[in-house]
Each structure stands twice: as structure tokens, then as C-alpha cells.
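Using the numbering used here, read the sequence shown as starting at 124 and increasing by one per residue. See below for the structure under consideration.
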Amino acid sequence: MNQTPRTTLNRIDPGAPLLIETINNVDDWAALAEDWKQLVQRNHQNTPFLTYEFQRAWWQHLGGGEWQDAQLNILVGRGEDGRLLGIAPLFYTRNAQGEGELHFIGSHEIADFLDFIAQSEDLDAFIQAVFNHLGEDDSWRRLDLFNLVGSSASQAVLQTKAQNLGWAYEIETLQPSPYIVVPDSLEAYIEGLDSKQSHELRRKLRRAARNPQPITLEIIKARALLPAALEDFFTLMTQEADKARFLTPAMRAQMETVALTAFDGGWLQLVFLKCGARRIAGYLNFDYDTCIWAYNAGFSNEDAALSPGWLIMAEMMRWCGQHGRRIFDLMRGGEDYKYRFGAIDRFVHRVVITRSA
């Protein structure tokens with residue numbers, strides 16, 4: 124992929140409080156790393172998918188091959204004193220009709236929650252500055268923004284700014300994104316479930332306690348153990364037909380890079396349920412900002428009779444309660460099992476803004 128190494132600085136209009144800088148090469152992006160990391164911690168939506176580390180890992184493989192002709196088009200907003208106030212983590216591509224489009228970096232399969240990066244008090248001014256800047260750029264026709272969570276303040280701001288400019292604004296509900304509010308003990312979690320599910324989980328836990336081989340939880344702590352652990356995790360993932368199709372060589376390389384990046388950043392939680400020495404279930408989670416984000420999972424078909432999905436969830440609820448993690452985010456997808464485990468619904472959206480001809 125060819126990229127022109129340039130950085131442009133554009134004043135929005137006389138007296139404007141924000142300057143917009145366009146970054147479209149990785150060297151200038153790397154120079155922004157520390158400021159990016161600090162701003163994400165103050166962001167109105169702080170998720171692991173907006174971290175500099177995740178976004179760079181995604182860019183390295185372009186979403187596991189989801190995008191082939193993407194070009195960086197990150198818009199950075201600074202105050203006149205040079206202070207970083209906002210980031211629009213975007214890339215440019217062309218659609219099947221040859222029209223220019225802008226998407227969030229991370230769009231759209233493997234980054235569950237995407238957004239603009241700015242403090243709540245700066246978000247309105249930053250998005251206005253972005254729109255002013257984009258209004259002077261003829262290369263794009265559509266701003267196609269996937270995976271904005273329903274609670275994001277960006278949606279209302281985007282709608283207002285687009286309508287003020289006479290640009291078309293469309294919003295589509297993509298899918299549920301359930302999460303569990305975790306109490307401080309496993310017993311309290313079980314008590315809070317629907318009575319049928321509570322009874323079923325207790326029964327499965329009693330049966331596991333009688334199993335001839337001990338059922339234990341393992342969390343990978345050492346980086347040297349990570350390659351073999353990931354191999355086992357992918358083996359568990361691919362026992363499900365849909366995930367086997369999803370995990371192409373390119374997507375596997377993408378997920379390996381994300382896992383290593385998260386481990387080095389201190390927020391990977393690779394969890395296994397073991398029956399004796401065998402790993403029979405696994406979750407690749409992010410332990411980030413006091414929440415657990417359940418990124419992907421895999422289960423042994425051979426051990427289905429043990430109900431490894433129920434058992435590993437119970438053990439993760441126990442761990443969360445003991446370690447003060449009060450949200451277990453099951454992220455995108457409305458699979459039935461999430462609601463059996465007591466999840467609460469919310470939704471992610473797609474916002475499409477089309478400029479006037």
C-alpha cells in the first residue's frame with residue numbers, strides 16, 4: 124500500500140479555538156503515541172479498542188485483511204497552545220462505486236467499540252472542527268462510522284453538525300452488546316440469576332466438584348508461555364464451525380498481534396478452564412479500565428458434557444468479584460448464552476454521513 128508521507132496543519136477559520144492536523148503516515152502517528160495514550164485515559168468513552176496500542180496492532184494487519192487499500196487519515200485537534208484536545212482515528216478508502224469514504228480505524232469486524240477521542244467538554248468543538256476541515260476536502264463522499272455504542276455522546280453531536288451543514292445523516296442499529304454487572308462474590312452472582320439458570324449453574328458446579336480430575340482456572344502470566352497458550356486457544360476457537368471460518372491465516376496473525384500488544388500493555392487476560400492438565404475452555408479478555416472485556420472464546424467439543432462454558436463463566440465471575448472488576452463486557456452479539464448468564468442489553472450503531480454533492 125502506498126502512503127504519501129505528509130502532515131498538514133490547517134487553521135479552521137479566523138479565531139477558531141481548534142487546529143486540525145492530518146496524519147497519514149505511521150512515523151508521524153508514532154510521534155503522537157504518548158499524547159494519544161494520555162488523551163484516551165480522559166476520553167468520554169474509554170475502551171481498549173481506542174488505545175494507541177490496539178489501533179496500531181489493527182493497522183499492522185488491516186483488520187486481518189478486511190481492508191486492502193486503506194490510507195491513514197487521522198485528524199488531530201489541538202488548541203492554539205498546542206494542547207491535544209481530540210483525535211478522529213480515521214482511514215480513507217474507496218467503495219465499490221469509486222467514491223471516497225472515511226472509516227474509523229478498527230472498522231468493523233474485530234474492534235467492538237469505536238469513537239472519536241476527546242474529553243466530554245471538548246467533544247462538540249472538536250467534531251465541529253473536524254467537519255469544518257472535512258468540508259474543505261473534496262476527496263471523500265461518505266463518513267461511515269461503525270460500532271458507536273449507544274451511550275456515546277458523539278452520535279447526537281454528529282447528527283447536529285451534519286444537519287447544520289445540510290449533509291445526510293443516517294443511523295442504523297447493528298447488534299446488541301450485552302454486559303454483566305458483577306457482584307462481589309460468586310454466590311451473590313448466582314443468586315442474582317434467573318431461578319432456572321441459578322439452579323442449573325449450581326448443579327453444574329456440584330457435578331464439576333465430583334469430577335475425578337480437578338477443574339481449575341488458569342490465567343497466563345508469563346510472556347514466554349503466551350505462544351503455546353495462544354495455540355491452544357485457537358484450537359479451542361476453531362472447534363466451532365463459524366469461528367473456524369473466521370480464523371483465516373490473516374485473521375489469526377491479526378489476533379496474535381493484538382494479544383501480544385495487550386500483554387505488553389498489561390491488559391491481556393488469557394484465561395483457561397482446565398480439567399486436570401487439559402485446557403477445555405478459554406477466553407481471550409482485556410482487563411482494562413477496571414472492566415473485563417470478553418474479546419473471544421473457545422470450548423472443547425470433546426468435553427461438552429462437563430459444560431465448560433458455564434464453568435469458566437462461573438470462575439471468571441468469582442475472579443472478578445475477588446479483584447474488584449464490576450463489569451464483565453460480553454461485547455457485540457446477541458447470543459442466547461449471554462442472557463442466560465445475566466447480561467443486560469445495550470446496542471452498537473453505525474452512523475453514515477453523506478456530504479452534499
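Yeah, the Cβ is synthetic: ideal placement off N, Cα and C, and Gly gets one too.
Which first and last residues belong to the beta strand (DSSP E) in which residue i is found?
i           : result
residue 143 : 141 to 146
residue 420 : 414 to 422
residue 408 : 401 to 411
residue 211 : 207 to 211
residue 473 : 470 to 477
residue 305 : Per DSSP, residue 305 belongs to no beta strand (DSSP E) and is neither H nor E.
residue 187 : Looking at the DSSP string, residue 187 is not in any beta strand (DSSP E); the run it does join, the alpha helix (DSSP H), is 175 to 188.
How many angstroms separate the CA atom of residue i from the CA atom of residue j?
i           : j           : result
residue 209 : residue 145 : 12 angstroms
residue 241 : residue 325 : 44 angstroms
residue 465 : residue 442 : 17 angstroms
residue 478 : residue 243 : 25 angstroms
residue 302 : residue 142 : 38 angstroms
residue 223 : residue 245 : 28 angstroms
residue 214 : residue 350 : 31 angstroms
residue 216 : residue 319 : 49 angstroms
residue 257 : residue 376 : 34 angstroms
residue 163 : residue 220 : 35 angstroms
residue 348 : residue 341 : 12 angstroms
residue 183 : residue 331 : 42 angstroms
residue 212 : residue 359 : 33 angstroms
residue 195 : residue 271 : 20 angstroms
residue 424 : residue 413 : 32 angstroms
residue 292 : residue 263 : 15 angstroms
residue 446 : residue 261 : 51 angstroms
Among the residues of its own chain, which have a CB less than 7 angstroms from the CB of residue i, if the five just before and after it don't count?
i           : result
residue 353 : 379 and 382
residue 170 : 236
residue 284 : 250, 251 and 254
Am I right that residue i and residue j are in contact with their C-beta atoms under 8 angstroms? What's the rounded C-beta distance?
i           : j           : result
residue 176 : residue 384 : 5 angstroms
residue 370 : residue 357 : 6 angstroms
residue 309 : residue 437 : 6 angstroms
Just to confirm the assignment, what range does the alpha helix (DSSP H) spanning residue i have?
i           : result
residue 431 : 431 to 446
residue 256 : 243 to 258
residue 226 : Careful: residue 226 lies outside any alpha helix (DSSP H), inside the beta strand (DSSP E) at 223 to 227.
residue 459 : 459 to 463
residue 287 : 277 to 288
Excluding the five sequence neighbours on either side, which residues of its own chain have a C-beta within less than 8 angstroms of the C-beta of residue i, listed in chain order?
i           : result
residue 166 : 173, 238, 240, 241 and 242
The ligand GTP and residue i: does any heavy atom of the ligand fall closer than 8 angstroms to the residue's C-beta?
i           : result
residue 394 : Among the ligands in the structure shown, none appear at all, so the ligand GTP cannot be discussed.
Apart from the five residues on each side of it in sequence, which residues of its chain come closer than 6 angstroms, Cβ to Cβ, to residue i?
i           : result
residue 269 : 230, 231 and 473
residue 327 : 430 and 433
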